[in-house]
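Chains as they are written, first to last, in numbering that gives the first Met the number 0: chain S, 0 to 257; chain G, 0 to 257; chain B, 0 to 257; chain D, 0 to 257.
Ideal Cβ placement from N, Cα and C applies to all residues, glycine included.
It should be emphasised that the depicted structure is a prediction, and the values quoted were computed from it without experimental measurement.
For reference, the structure is listed below as C-alpha cells.
Number of protein chains: 4
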Amino acid sequence: MSALIIAGHEFQSRLFTGTGKYASAEAMVSSLVASQSELVTLSLRRMDLKHQTDNILKPLQQQGIKLLPNTSGARTAKEAVFAAELAREALETDWVKLEIHPDPRYLMPDGAETLFAAEALVKKGFVVMPYVHADPVLCKRLEEVGCPCVMPLGSPIGSNMGLASRPFLEMIIEQSRVPVIIDAGIGAPSDAALAMEIGADAVLVNTALAVAKNPAQMGEAFRWAVQAGRLAFESGLGEKRIQAKATSPLTEFLGGLA
Amino acid sequence: MSALIIAGHEFQSRLFTGTGKYASAEAMVSSLVASQSELVTLSLRRMDLKHQTDNILKPLQQQGIKLLPNTSGARTAKEAVFAAELAREALETDWVKLEIHPDPRYLMPDGAETLFAAEALVKKGFVVMPYVHADPVLCKRLEEVGCPCVMPLGSPIGSNMGLASRPFLEMIIEQSRVPVIIDAGIGAPSDAALAMEIGADAVLVNTALAVAKNPAQMGEAFRWAVQAGRLAFESGLGEKRIQAKATSPLTEFLGGLA
Amino acid sequence: MSALIIAGHEFQSRLFTGTGKYASAEAMVSSLVASQSELVTLSLRRMDLKHQTDNILKPLQQQGIKLLPNTSGARTAKEAVFAAELAREALETDWVKLEIHPDPRYLMPDGAETLFAAEALVKKGFVVMPYVHADPVLCKRLEEVGCPCVMPLGSPIGSNMGLASRPFLEMIIEQSRVPVIIDAGIGAPSDAALAMEIGADAVLVNTALAVAKNPAQMGEAFRWAVQAGRLAFESGLGEKRIQAKATSPLTEFLGGLA
Amino acid sequence: MSALIIAGHEFQSRLFTGTGKYASAEAMVSSLVASQSELVTLSLRRMDLKHQTDNILKPLQQQGIKLLPNTSGARTAKEAVFAAELAREALETDWVKLEIHPDPRYLMPDGAETLFAAEALVKKGFVVMPYVHADPVLCKRLEEVGCPCVMPLGSPIGSNMGLASRPFLEMIIEQSRVPVIIDAGIGAPSDAALAMEIGADAVLVNTALAVAKNPAQMGEAFRWAVQAGRLAFESGLGEKRIQAKATSPLTEFLGGLA
C-alpha cells in the first residue's frame, strides 16, 4: 500500500480519526492505538481543559500520533479563523481542520464561509484541511486557494449512512489534484473500504469507533477495512454487470463419461 | 475473531474461494495463498483433467487448503447427484457444494431441484453445502433436511453487484440455526465486509479475485475485508440515523475567552 | 396505454389490489373505486363471513371489479389446493391467487410447495396466479406447468420497501413469456411507477392503500402512478449516466454581444 | 391537489420543464403541452435567435405557459447578472432561473457565486430561482437573501440518476420556508413521483422528456407521475419496515370447517 503525503507529511495509515463521543479517555486511547491512525482531530474545547488534555493528548503524542485541531462549533469564517489561531498557539501546529456549521441540527458545513476562511488561513500560513459538502465546484475552489487536501462528507455527520453522496464524491476524486479525504457518515468498515475502492486517498472516522460496544476492536476493524479498500483500488476491481458468463453445461461432460 | 465450525471442521478464515476464471494456475495459487482461504471450491471438470489437476490441486493441498468439489453445470437433481458421487470418488471427500442451474444465461439456481438433491445427498452421507437464491423458506427447508450450512446468493453470479438481496439475507441470517455463507455477486472487499457486518458466517468469493489486475494483492485485500467485517460485527455497530447530535456552539466558548 | 390480457380476460387497468388491513369496508370501497382497479384479491376468510361478504363484495361487483380469491394463510400445497376449491365454490370463479407461506413472521412464500400446488390446480382447471419470491428459475417453471402469469414479490409483504429484488425482477421480465405482476412491498406510487418502467405488466398493491391516512386519495395516486410508469415504458426511457453533455459556455455568446 | 404559489404566481401544475435537447421544435411543443407544465425555462441563446424564437416561444405562450429565462452557460456571478438583465429586456419578465456552472464536464453549480449573484439580482428586483447543489446551508442562505424558492439538484444534470442526493434534499425540505423545486437528474416518472412523495413542492424535468422516443407521451407520463406523488404526499404514506404483520394461519380456519 502506497504512502499518503499531505503538505510534505507522510502517512503510512490512510485512516484518520477523532476524539469525540468516547465513553472514556481510556476507551478512546485504546481504540485509536488499535486503529493505527496517525492523524487525530480534536476540538478546541478539549485542548482548553487542562486536566483532560493531560489524559487525552499525552498518550496519543507518545504513540507518535499527529494532532489536528479543528474549528468545530464555529458558525462563521470569523469565528473559525479566531479558533484556528487559538489552536495554533495551544498545540504548536500550523495544521487545522476547518469546520464551519451554522446549522445546529444537522451540522452541515457552510461552503461560502469555508471558502472565505480557507483563503484567509492559507495566507496566514496554516495547513488548511477543509470539511465540506460533497460539492465538486467548491472542492476545486478550495484547491485553488491553496488547501493541500479537501474533506468532502460521505453523508450527514454522525448518521452512519456511508457514501450517500457517492456520485459527487466520484466527480471530486476524478477532478482533484490534491488528496481527497472522505469525512463524516462512515458508519461501518464496509463504508470505509468502499471509500477507498472508489479512489479516496483517506477517510476520517469518529462516531463509528466511539459508539461501538468494543471501541478497541472496532479500531482494529477499521484499520483492516481501509487497508483492504486501498489494496483493492491498487489491484484493479472488476466491473458490475448483470449477466453471468455462460459456461458449457455439465450435461455434455457427464455425457462424455457415459 | 471467533472460529467457524461446519460439520465438525474448524475454519480460522471466513473467506471461501473458487478456482474459476483465473488467467493462469500461478495467478490462482498466488491469489488463494494471499487470501489465506482454507476452503476452495472447484468444478468436476477441473478435477477430471489429469494434467491440470497436478498444477492446481497439489499446490493448494500443500498449503493445507480443503478442497470442495461442486456440481456446477448440473441442470437437474439427478445430474447433480451423479456429479457429487463422481467427485467423492475423485477427491476422496464427502463434502460437496451443490449447484443446480438450468438457466445458461444468468446461472440462477433451481430451488426445488436443489432441495430434492440435497435430501438425497444427505442420505448418502454427503456434507451438502447448497448454493441457492436468497430465499428464506428454502434455506429453512435445506436446514431441515440436514444441510450443515446454507449458501444464499448476494446477487447474480459474476455480476459484482454485492448484496442486492440484502433484506432477504437478513431474514435468512436471523432465522438460520446453521451457518450462512453468502455466495455469488461479491465484487469488492466492501461487499465482503458488509456481508460479515450483517452477520453472515462466511463469504465465498471467486470472480472478484480472478479478474483483478493483481489477483494476489486482491486476495490479500479480501482477507482483510472479511476480518474487518467480522470484527465489526463482534464489536457492535452503531445505528444509522439522519440527524446529528447537536453540540453546543463554539460561540459561547469563544465568548468565554474574550 | 395498451391493454393487459390474462387467460383471455382483458384489463384496462394494470393496478391490481387487495382487501386487507382497511379500517372499514367503506374506506376500502372508496379506495378501490378511486384506484380504478379491475381485479381485487381477497382471502377465503372474508368470503366466509356472510354479513361481511355483503358489505364488501357487492359494492365491488357492482363496479364491475373482478374478484380474485387467494389462499393466504395456507402453509402447504395441500392446504392451498383445498382452500382454492372452497373458494371456487363460494365465488364461482376458476381464478385463484396461489399463496403458500409457512413462515408466520415474514410471510415469505414457499417455492417448492407453490410449484407443486400450481401444477395440481392447473390440472383441475384453475387459472393460477402464483405469488412467489423473485426467483427467475421458479417463475420459468411455473410458466411451464401452465400458469398464465407469475407474481414475484418486490420486497417482503407489508414492508413498503419497494423493488428490493430489482435485479432478479429484471431477469424474470426479460425471460418470461407470460405477464409478470409485481406483488408485495410496493409502498408508494413511485415504487409502482418504477415497476412499470422496468417492464412489469401490472402491480398488486394492498397495504399502501389500506394504511394511508386518506385511502381514497391514495387509490387515485396509485392509479396515476401505474399509468405514468406504463406510458414511460412505452415511450422509451433514457439511459442513466454520470456525465453531463458539455454545452458551449455562455461567455462566447455574451462576448459576441459586446 | 393543492396549488403552488411562487412570488404571488399560482401554479396548478407542479411539473416545470425546459426546452433543451429536443429533436425538433414540434417535438418540444407537443411534449410540453402534453405535460401540462405551466412554467418552461429556456436559455438566453434560444431567445436571441429571432426565427427560432417564433417557432418556440409563440406556441408556448399561446398555451398560457410562463417562460422562465435561465442563465445557463454563465461561469461567474458577473456573467449571470449580465445574462439576467439581457433576458429581462428580451422577454419582459423579472423571473430568472439562476444557473452558474464553471465546470464544463459535469455542469455542477458554483454555490458561492450563485449566492453572490442571487443577492445582487434580488436587489435589482428579480424573482430569482437559484439552481444549486443539494446543500442545506446554501439553500437557507439563498432564502435569507430573498429567493422565493430554491432549486437543489437531485443528481448530476442529464444523468437520469434520480434522487442521488436524497438525504440532503430531505433536510432542505424540512428546513425551508420557501418552496423547494428539485431540479436536474430526474430521469423517469418514478423519480418525479418520489420527489413529490418526500415533500418537494415541484420538480423540473427536461432531458427525460427531450430524449424519449415519444416525447409527447413521456410528457403525459410525467404529468401523471407528479400528480401521483403529490396526492400520495397529501394522503399520508406508510412507514417502511421489514417485518410483516403476522396473520392467523389458515389452518385453524380450515380446521373449523372440517
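Alpha-carbon spacing of residue i relative to residue j, whole angstroms
i: D/M150; j: B/S71; result: 46 Å
i: S/K122; j: S/M107; result: 25 Å
i: B/I55; j: B/P68; result: 13 Å
i: S/D182; j: S/A194; result: 10 Å
i: G/Y130; j: G/P155; result: 12 Å
i: D/T113; j: D/A76; result: 6 Å
i: D/P147; j: D/P178; result: 7 Å
i: D/S158; j: D/L120; result: 29 Å
i: D/N213; j: B/W94; result: 37 Å
i: G/I172; j: G/V136; result: 12 Å
i: D/A73; j: D/V127; result: 15 Å
i: S/L48; j: S/E25; result: Any answer about S/L48 is weak, because its pLDDT of 47 lies below 50 and its placement is not dependable; what the coordinates show is given next. Near 17 Å, if we compare the C-alpha coordinates of S/E25 and S/L48.
i: G/A211; j: G/L230; result: 25 Å
i: B/S265; j: S/E219; result: Here chain B has residues from 0 to 257 only, and residue 265 of chain B is not among them.
i: S/E37; j: S/A192; result: 18 Å
i: D/Q226; j: D/L14; result: 9 Å
i: D/E169; j: D/A201; result: 14 Å
i: G/T134; j: B/G161; result: The identity of residue 134 of chain G in the sequence shown is Asp, whereas the question assumes Thr. Each residue's Cα considered, the two are about 17 Å apart.
Closer than 9 Å at the beta carbon, the chain S residues around residue i
i: D/M160; result: P166
i: D/A111; result: G110, A111, L114, F115, V136, L137, R140
Residue i, enclosing beta strand (DSSP E) - first and last residue
i: S/P101; result: Unbroken run through S/P101: none, as it is neither H nor E.
i: S/L66; result: 65-69
i: S/E9; result: 8-10
i: S/I4; result: 3-5
i: S/I181; result: 180-182
Chain-ordered neighbours of residue i on chain S, where CB pairs are closer than 8 Å
i: D/Y105; result: P135, M170
Counted within 10 angstroms of its Cβ, other Cβ atoms place residue i as buried (16 or more) or exposed
i: S/Q61; result: exposed
i: S/G153; result: buried
i: B/L97; result: buried
i: G/I4; result: exposed
i: B/G7; result: exposed
i: S/G63; result: exposed
i: S/I235; result: Position check: residue 235 of chain S holds Gly in this sequence, whereas Ile was assumed. It is exposed - the Cβ of S/G235 has fewer than 16 other Cβ atoms within 10 Å.
i: G/Q11; result: exposed
i: S/S247; result: Note that S/S247 scores a pLDDT of 45, beneath 50, so its modelled location is shaky; the value from the coordinates is reported in the next line. The residue in question, S/S247, is exposed, as its Cβ has fewer than 16 Cβ neighbours within 10 Å.
i: S/D89; result: Going by the sequence as given, residue 89 of chain S is Ala instead of Asp. S/A89 comes out exposed.
i: S/P103; result: exposed
i: B/K57; result: exposed
i: B/E143; result: exposed
i: D/R140; result: buried
Residue i, enclosing alpha helix (DSSP H) - first and last residue
i: B/T206; result: 206-209
i: D/V39; result: That residue, D/V39, is in no alpha helix (DSSP H); its beta strand (DSSP E) goes 38-42.
i: B/K122; result: 110-122
i: S/M128; result: That residue, S/M128, is in no alpha helix (DSSP H); its beta strand (DSSP E) goes 126-131.
i: B/D190; result: 188-196
i: D/L137; result: 135-143
Under 7 Å by beta carbon: chain S residues contacting residue i
i: G/G228; result: P188, S189
i: G/S234; result: A211, K212, N213, Q216, M217, A220
Closer than 8 Å at the beta carbon, the chain B residues around residue i
i: D/G198; result: Under the 8 Å cutoff, chain B gives no residues; its nearest Cβ is about 12 Å from D/G198.
Within chain D, partners of residue i - CB distance below 7 Å
i: S/R154; result: According to the sequence shown, residue 154 of chain S is Ser rather than Arg. What S/S154 touches in chain D: P166.
Proximal residues of chain B, C-beta to C-beta of residue i below 7 Å
i: D/A231; result: A187, P188, M217, A220
i: G/H8; result: None at all; the shortest Cβ gap to chain B is about 29 Å.
7 Å Cβ cut-off: residues of chain G touching residue i
i: B/P101; result: V136
Amino acids of chain B, ordered along the chain, whose beta-carbon sits closer than 9 Å to that of residue i
i: G/A163; result: A163, S164, R165, P166, F167
Under 8 Å from the C-beta of residue i: neighbouring residues of chain D
i: B/A86; result: Ordered by position in chain D, no residue passes the 8 Å Cβ test against B/A86, which lies about 11 Å from the chain.
Any non-hydrogen atom of the ligand GDP closer than 7 Å to residue i Cβ
i: D/K77; result: You won't find the ligand GDP in this model; it holds no ligand whatsoever.
Within chain G, partners of residue i - CB distance below 8 Å
i: S/W223; result: W223, A224, Q226, A227, L230
Members of the segment 192-218 of chain B near chain D, C-beta cut-off 7 Å: A192, L193, E196, T206, A207, V210, A211, K212, N213, Q216, M217
Compile a chain-ordered list of the residues in the segment 11-26 of chain G whose CB is closer than 7 Å to at least one CB of chain S. none
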